[in-house]
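The structure appears below as structure tokens.
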Amino acid sequence: MTLLALDISLPAGLDPPGFDRALEELVPNLWAYALSFLVIAAFWRGHHQIFRYTREVDGTVIRLALLGLGLIALMPFPTTLLAEYGDLPPPVAIYSAAVAAMGATQLVLTVVLWKRPWLASAALPDPVVRNDVADLASTVLVFAVAVPLAFVSPMGAKLWWAVLIPIKVVTGVRGKRLRTAARPPGAGA
Numbered sequence: 001m002t003l004l005a006l007d008i009s010l011p012a013g014l015d016p017p018g019f020d021r022a023l024e025e026l027v028p029n030l031w032a033y034a035l036s037f038l039v040i041a042a043f044w045r046g047h048h049q050i051f052r053y054t055r056e057v058d059g060t061v062i063r064l065a066l067l068g069l070g071l072i073a074l075m076p077f078p079t080t081l082l083a084e085y086g087d088l089p090p091p092v093a094i095y096s097a098a099v100a101a102m103g104a105t106q107l108v109l110t111v112v113l114w115k116r117p118w119l120a121s122a123a124l125p126d127p128v129v130r131n132d133v134a135d136l137a138s139t140v141l142v143f144a145v146a147v148p149l150a151f152v153s154p155m156g157a158k159l160w161w162a163v164l165i166p167i168k169v170v171t172g173v174r175g176k177r178l179r180t181a182a183r184p185p186g187a188g189a
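Below is the structure:
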């Protein structure tokens, strides 16, 4: 999370109207930081969840994990663009593409590990993995659709991202239920 660094500061010596104006100008930075924090936190949590059930890795898994980390390391750039120029199409499209790429990488990583059960420390039932795939695919789809939508309406694209809220609630609740049901009797959380 220390990768997210935005200039969130106020100049010294402002009069009251200047202070109010400077504070108002910080709102997009704070919004972009909060959004990116949530996005990166969700991907970190997903990454942790994926490797929680992994016993060993092969070259493909390592490359996909590194690609995912590389994409996360790039997030300050689209986040800054979104904070500074979020009313323009290219920054919204670039941010959307970055999130879609992170999601696609994690989706491919999940599928690769699912199709290579010899890498798993414990077999996850197919319904659990299918739910995870649906969750990741929804992220990729929503942010991929937002890329061209940003060129029609940047605000419309940003509002479109909110479609994920109910989807994430449903897949999150279902995933928790499926994982609990798959846990062997007497196993911890």
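Here my numbering is used: the first residue of the sequence shown is 1, the next is one more, and so on.
For glycine and all other residues, C-beta sits at the position ideal for the given N, C-alpha and C.
Just how far apart, CA to CA, sit T79 and G70? 15 Å
How long is the line joining the alpha carbons of M1 and A41, rounded to whole angstroms? Note that M1 scores 43 on pLDDT, short of 50, meaning its location in the model is unreliable; the coordinates nonetheless yield the value given after this. Taking the straight line joining both Cα atoms gives about 8 Å.
Looking at the strands, I want to know which residues DSSP matches up with A120. As DSSP reads the structure, A120 sits in a beta bridge with T54.
Closest to P90 by C-alpha separation, out of K158, H48, F151 and G18, would be which residue? F151
W161 - containing alpha helix (DSSP H), residue span: Looking at the DSSP string, W161 is not in any alpha helix (DSSP H), and its letter there is neither H nor E.
Terminal residues of the continuous alpha helix (DSSP H) containing W96? It should be noted that the sequence gives Ser, not Trp, for residue 96. P89 to K115 is the span of the alpha helix (DSSP H), which, as asked, contains S96.
Alpha carbons only, please: which of R179, A101 and D126 is nearest the one belonging to L136? Comparing Cα-Cα distances from L136 to each of R179, A101 and D126, the minimum goes to A101.
List, from N- to C-terminal side, the beta strand (DSSP E) runs of 3 residues or more that fit wholly inside the stretch 5 to 51. none
Three-state secondary structure (DSSP) at S153? coil
How many angstroms separate the CA atom of N29 from the CA atom of E84? Cα to Cα, the separation comes out at about 7 Å.
So, with DSSP's three-state summary, where would you put P125? coil
Whether D132 touches T110 by CB criterion (7 Å): yes
On the three-state DSSP scale, how would you describe K172? One point to set straight first is that residue 172 is Gly, not Lys, in the sequence displayed. Note: G172 maps to helix in three-state DSSP.
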